[in-house]
Each structure stands twice: as C-alpha cells, then as structure tokens.
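One point on numbering: in UniProt numbering, the residue at position 87 of the sequence shown is 87, and numbering is uninterrupted.
We treat Cβ as the ideally placed atom computed from N, Cα and C, and that holds for glycine.
Reviewing the structure listed below.
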Amino acid sequence: MSAPPFNSKLCAVCKGRKLLCGRPTCPILERFRVARTVEQRLNKRHLFGSSPPSIFVGEYGYPRVRIGPLVPPIEGKTDYLDNPLKWENKTIRDILYYRSLLVMGETKADIHVRRSGRILGEVQELAMSIRPVDSEILLKRKPVLKVLPSEFAPPIGPKAELLDFELTENPKIPRRTDYVVNDELKAEQAIMRLYNWGFDEYYIIRLLSAGLLGVDKKLVPTRWSITAVQDTIGKNLRREILRYPEINDYEVYFYRFLGNRYAVLLMPESYAFELLEVWLKGSLFGAGEPSVIHDYEDFRGRREYVKETAGAYHAARLSVLEALRVRRRQARIVVFREVTPEYYAPVGVWQIRLGVKKAMDNLVGRFETLNEALDAIKRRLEHPFEKYLARSYILGSLARQKTLDEWLGKNIYRLGGENPGG
C-alpha cells in the first residue's frame, strides 16, 4: 500500500521548511503561494472573462452531479489555461497557477440531459466551442481555492455555488461537431469519427462530459470521460494494428517529464501491452518500500476494469498505439513509469499521455537481443530492475519459458541473470 500524500504529524513538525518528506517543494505551501498570487483577482462574486472553453463534471453524488463552467478573470486568448497540448514545456507550478485562475461555478444537475434546464444548455454550448468564449458567472459567495489537489484529475481551481451563467458571445462550433451531436450515433462511433477527423481528444472528452455524445445522452464525470475516450480510441487502434506485421528489432525509448521517467520497450512479437509503475520513496504516493504495480492485456484486450494503474494505463497505451499506427506495425509493449519526488503535486493523467508520447519520439536504440534492450532500460531507471522483472507478466513469462532462440544459443535475458549459450 502507498503512504498517504500528506502525513499530518510530519507536516506539523516540518511546517514546509525542512522538507522532511523528501520532496524538493512542499506541495501544501506551493498551493498557498499560488493562491496568494491569484487571490485579489478572484475575490468577487461576479466574474466576466473568456472561458478557454472549459467545463467540469464531478463524480460525487452520481446520478446527481456537480457541473459547471470554468471562467477566468481574463479576456481574450485563454485556451492555454485548459489545454494540455500547450503544456509541454511548463512546470508543475505553471499548471497549478493556470488552474487556479479558472473559477468554477458549481450547480447540481441530473445526469439525464433531458431533465436539466437553461444553465446546462449554456454549458453545452460552451463545451462545443473550439475557441475561448466570453462568459459571465454570478456566484453565491466569493470562490474558495482548495489547497490540496486531487489525485488523478486535473487540479481544480476556486469554486463556489453558481447562481447564474451566461455566454455573452456566440461560441465557435464546427459544422462536424453539430453533425455528430445531432446524429443518432453511439458514443463509440461519435468518439472515433471526431478522432479520425483530427479533433484533439481533450475536445472530445469535453463533449462526452457535457452529455453531447451517444444515443441516450448523459452527463459523464470528467475523470470518467478522460478514461472512456482514451480507452475507446485505444481499443480501436489495437484492432487496427493487429492487421500489421511485427517490428524487426527490440526498440527502447525514453523521456523524462515533470518528475516522471518513462521507458518504453517494443519487442518483435505479437501485440500485448503492460504498464509497470513505481512511486519512488519520497514521491507523492511513495511508500517506505516502493512496490511495482502493473496491468496487462494481450491481443484480446481486457475484460475487466484496470485494477492497479487506473487512468495511467489507458493514457500510456494510447500514446504507444498511435506511434505504431503511424508505422503500420505491431509489437509487444512494456511501459515503465517511475515517479520521482520532483512530481510534488498531481496534475492529471494528461502528463502520462504526453510523457509517453514524447518518449516515443526519443529512440534510445534498436537491439538484436532482449538482454541488450533491457540493459539500456535498466541504466535509465532507479528502482531495482529485478523487482520490475519479478512483477512483469510479459517479461516474467519470457524469462520462464524456453524459446526457440534459446535452443539456437542466442543471448536471452533470464530472471536469475543467466544467459544460456551467451
């Protein structure tokens, strides 16, 4: 089990000055610093600004959920506040600052879209826009910025109960969006149509969340819609790449991003995918004795929900599948994720999606043997490598079985470190 992100006794002794938790920055004080920088601009009940556009749908209380627009006290080009595609070179502090500027006006709504009123209609119009939309919100009280970020969803900014919300200009809605929203398409068909037309997945996530996709239209909590869209696209890409030939060599890719290390191993075998993840000691959810968590699928996919790695699994898988689709190849895939203490505040699974995507653009090398490929990965990771091997379904089964290559005397990696015939 991972340790909780904050230890009240340790925090009380440390007070953010001694960094007793081992992190390079105190996540609690960092949120206070961010809160202070935006406090004056947000200290009001009536707000006017350009929504990026952005909405949020909560999961608590389902099927009666909290929903609302996110509006900053800024006008003009604000899309960078809510677009992970623009956060490639940003720091965790930048992202916390951006999110802290987005004020959420919360209102309760039934997930069944037909039962909801005018405000939801305005929120849906906002969700369909591909450009920032001038918006006005009236809140019951001044918004409050929570200090502790959530675990896997993007950080949420200041919140207060919504009294009224209005778009003060016409949103820019693509004709193709109108077509998909008004057609009798199942959610999966709608998602894939938009994706193949080139709409970015965060736009599709927003449409699904706002209850705009599918035959029986329902609001979908933001966190669920992120996983649903990435899983749906991933399943469709998997079906496609299964028709392609296997790659020829062992390939290793690597990238560091926002305090995470991502190593990707591609093997010249039929498709399977595994994510191995470790939160190192001193990291946000790291334990005293870090353990490897993992999830796995073969060419048939998964029959049950991802148990251990949750949304990280779908985000990482999609990035590798996209790279293979471009090459029209299939491979057996193992993704290693190491979370270091530098990742001091969670910012959402988008950073896993982007981190693995960047890794797939950064080839370390092509190798003739699995042993050489694993050595290249081992040099770039901190956690004892034998613990990855012991936990891995794909690498563990390879190490246990006798392959044709072994009989031919090739250099095959074994769990015990032996190299038969090598």
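Inset, instruction - Using only alpha-carbon positions, find the residue among 98, 93, 320 and 89 that is nearest to residue 272. - result: Taking the sequence shown and counting its residues from 1, the one referred to as residue 272 is at position 272. Of the listed residues, the one whose Cα sits closest to residue 272 is 320.
Inset, instruction - Whole angstroms is fine: what's the gap from residue 247's alpha carbon to residue 325's? - result: Position 247 of the sequence shown, counted from the first residue, corresponds to residue 247. Position 325 of the sequence shown, counted from the first residue, corresponds to residue 325. Between residue 247 and residue 325, the C-alpha separation is close to 12 Å.
Inset, instruction - Could you give the DSSP three-state label for residue 342: helix, strand or coil? - result: Here residue 342 is taken as the residue at index 342 of the sequence shown, counted from 1. Residue state, collapsed to three classes: coil.
Inset, instruction - Would you mind working out which of 143, 339, 218 and 176 sits nearest residue 309, comparing C-alpha positions? - result: Residue mapping note: residue 309 aligns to position 309 of the sequence shown, counting from 1. That would be 339, whose Cα lies nearest to the Cα of residue 309.
Legend entry - Identified DSSP bridge partners for residue 260: In the sequence shown, residue 260 corresponds to position 260, counting from 1. According to DSSP, residue 260 bridges with 257 and 339.
Inset, instruction - For residue 387, I'd like the list of residues in its chain whose CB is within less than 6 Å of its CB, leaving aside the five on either flank, ordered along the chain. - result: What you label residue 387 is simply residue 387 of the sequence shown in a count that begins at 1. The answer, listed in chain order, is 292.
Legend entry - Cβ shell of residue 392 (< 7 Å), same chain only, five flanking positions each side left out: As a first step, residue 392 must be located in the sequence shown, where it is residue number 392. The residues are 274, 276, 294 and 334.
Legend entry - Check whether residue 229 and residue 205 have beta carbons under 8 Å apart: Along the sequence shown, read from residue 1 onward, the residue named residue 229 stands at position 229. Along the sequence shown, read from residue 1 onward, the residue named residue 205 stands at position 205. Yes, they are a contact pair.
Legend entry - Alpha-carbon to alpha-carbon, residue 355 and residue 304: Working through the sequence shown from its first residue, we reach residue 304 at position 304. Working through the sequence shown from its first residue, we reach residue 355 at position 355. When rounded, the separation of the alpha-carbon atoms in residue 304 and residue 355 is 26 Å.
Legend entry - Where residue 121 falls: helix, strand or coil (DSSP): Within the sequence shown, numbered from 1, the residue matching residue 121 stands at position 121. Of the three classes helix, strand and coil, the one that applies to residue 121 here is helix, per DSSP.
Inset, instruction - Could you tell me if residue 363 is buried or exposed, where buried requires 16 or more neighbouring beta carbons within 10 angstroms of its beta carbon? - result: By 1-based counting over the sequence shown, the position of residue 363 is 363. Flag for residue 363 reads exposed.
Legend entry - Nearest to residue 121 (by Cα), restricted to the options 227, 219 and 278: The residue you call residue 121 lines up with position 121 of the sequence shown. The option with the nearest alpha carbon to residue 121 is 219.
Legend entry - Cα-Cα separation, residue 2 to residue 285: The residue given as residue 2 occupies position 2 in the sequence shown. The residue given as residue 285 occupies position 285 in the sequence shown. In this predicted model, residue 2 has a pLDDT of only 36, less than 50, meaning its place in the structure is not dependable enough to derive any value.
Inset, instruction - Please say whether residue 255 and residue 367 have beta carbons closer to each other than 8 Å? - result: Taking the first residue of the sequence shown as position 1, residue 367 is located at position 367. Taking the first residue of the sequence shown as position 1, residue 255 is located at position 255. Not in contact: residue 367 and residue 255 (Cβ atoms no closer than 8 Å).
Inset, instruction - Check residue 423 in the structure and name its three-state DSSP category. - result: Examination of residue 423 is not possible in this model, given that the chain is present from 1 through 422 alone.
Legend entry - Beta-carbon proximity list for residue 258, same chain, < 8 Å, skipping 5 on both sides: Locating residue 258 in the sequence shown gives position 258, where the first residue counts as 1. Taken in chain order, the residues that qualify are 91, 92, 342, 343, 347, 351 and 355.
Inset, instruction - Verify whether the separation of the beta carbon atoms of residue 123 and residue 69 is less than 8 Å. - result: Taking the sequence shown and counting its residues from 1, one reaches residue 123 at position 123. Taking the sequence shown and counting its residues from 1, one reaches residue 69 at position 69. The answer is yes: Cβ separation under 8 Å.
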